[in-house]
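Peer 1:
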Amino acid sequence: MKICRIEDKCTKCMLCVKDCVSVVWKDINGIPEIVAPDDCNSCSHCLAVCPHGAIEHDGLDQAQIQKIDPDFVDSKVYETIARGRRSVRQYKDKNIPNELIEKVISLVNHSPTASNSQNVGYLVISDKKILRNISNAIFGFAGKIFYLTKNFPGNLIYKIIKIFPVSDIITRYLEPMQYYIDETKKGRDFILHNAPALILVHAPKNGNFSNENCNISAGNIMNYAYSLGLGTCYIGFLNLSLKYSKKLRNLVKLPGGRMIYACIIIGYPAYKHTNTASRKKPVMKWI
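Our numbering applies: residue 1 is where the sequence shown begins, and numbers increase by one.
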């Protein structure tokens with residue numbers, strides 16, 4: 001890996017030295033010197049922090065290094081996005097152009113990853129048949145559990161389970177299941193909500209910080225999509241199902257050695273939310 005300091009541009013401000021966590025740069029008698037180029041993790045911080053463009057790095061795409069316009073950094077805009085974004089479960093019957101989804105993923109690809117591993121991948125599914133099969137598989141399994149609770153010994157087991165606090169999430173969905181089943185027969189989709197596309201965020205299976213890396217990207221997907229007039233919803237049931245179902249992983253063509261850590265449906269909202277929502281007071285403690 002070749003890293004160069006352009007002497008006639010360098011002002012010896014030492015920002016490259018201060019911002020390099022891999023100790024590629026060192027202050028040698030008042031001059032920033034590249035002492036360990038092979039230790040570079042390609043985080044791009046030296047190029048990003050240098051105010052005069054005095055660094056060349058053949059392991060990075062220099063064309064992606066652009067000046068940041070501080071006039072576009074607006075806390076009020078971000079506050080509106082963070083407060084205004086909702087989980088959308090009603091979508092227009094309208095496909096999203098591939099270019100728009102690529103725009104979303106291209107931006108969230110700048111999300112931070114632990115040790116700059118940049119190990120997050122994205123599977124985009126817009127095939128309606130596959131989306132329908134995913135929904136049917138998950139909802140069908142839930143339906144089978146529901147019917148098991150209607151007869152002995154399933155109903156007895158269910159009564160015992162309800163005694164324990166952990167049962168809350170089970171009863172929350174099983175109690176109104178007959179309504180869900182009836183509505184599903186009318187064409188409603190309670191899993192993927194008839195969204196036109198699904199984004200599966202994946203990383204190396206059991207990799208260090210794979211889950212964290214993927215979910216940082218997932219948060220950025222939902223916020224940036226909202227700013228583009230799109231709606232999203234994080235589908236936890238699918239995330240859980242993919243963890244245990246090899247059949248589902250094969251259905252979505254998950255690459256070998258990878259695991260899906262975040263599932264997000266995306267589409268054009270059928271209607272807008274005019275107001276922000278209420279939230280519980282945050283649990284916060286000063287130490």
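No residue lacks a Cβ here, since even glycine has one placed at the ideal position from N, Cα and C.
Kindly list the residues whose CB is nearer than 6 angstroms to the CB of residue 4, restricted to its own chain and excluding five residues on each side of it in sequence; keep chain order.
Peer 2: If we look at residue 4 and ignore the five residues flanking it on each side, its Cβ neighbours are 56.
Peer 1: Which residue marks the beginning of the alpha helix (DSSP H) containing residue 235, and which one marks its end?
Peer 2: Looking at the DSSP string, residue 235 is not in any alpha helix (DSSP H), and its letter there is neither H nor E.
Peer 1: Alpha carbon to alpha carbon, how far is residue 248 from residue 184?
Peer 2: Rounded to whole angstroms, residue 248 to residue 184 spans 20 angstroms at the Cα level.
Peer 1: In its own chain, which residues sit with a C-beta less than 8 angstroms from the C-beta of residue 234, not counting the 5 before and 5 after it?
Peer 2: Same-chain partners within the cutoff: 87, 218, 222, 262, 263, 264.
Peer 1: Pick helix, strand or coil for residue 163, following the three-state DSSP scheme.
Peer 2: DSSP places residue 163 in coil when its eight states are reduced to three.
Peer 1: What is the rounded straight-line gap between the Cα of residue 174 and the Cα of residue 242?
Peer 2: Roughly 21 angstroms between the two C-alpha positions.
Peer 1: Is it true that the stretch 152–162 meets the stretch 118–125, where meeting means three or more beta-carbon pairs spaced less than 8 angstroms apart?
Peer 2: Result no; under three Cβ-Cβ pairs closer than 8 angstroms.
Peer 1: Under a Cβ-count criterion, where at least 16 other Cβ atoms within 10 Å of its own Cβ denotes burial, should residue 277 be classed as buried or exposed?
Peer 2: It is exposed - the Cβ of residue 277 has fewer than 16 other Cβ atoms within 10 Å.
Peer 1: Verify whether the separation of the beta carbon atoms of residue 107 and residue 224 is less than 8 angstroms.
Peer 2: Closer than 8 angstroms, so yes.
Peer 1: Quick check: residue 59 and residue 14, are their CB atoms within less than 8 angstroms of each other?
Peer 2: Cβ distance not < 8 angstroms, so residue 59 and residue 14 don't count as in contact.
Peer 1: Could you check what DSSP says for residue 263 in three-state terms: helix, strand or coil?
Peer 2: DSSP places residue 263 in strand when its eight states are reduced to three.
Peer 1: For residue 275 and residue 81, I'd like the C-alpha separation in whole angstroms.
Peer 2: The alpha-carbon atoms of residue 275 and residue 81 are separated by roughly 12 angstroms.
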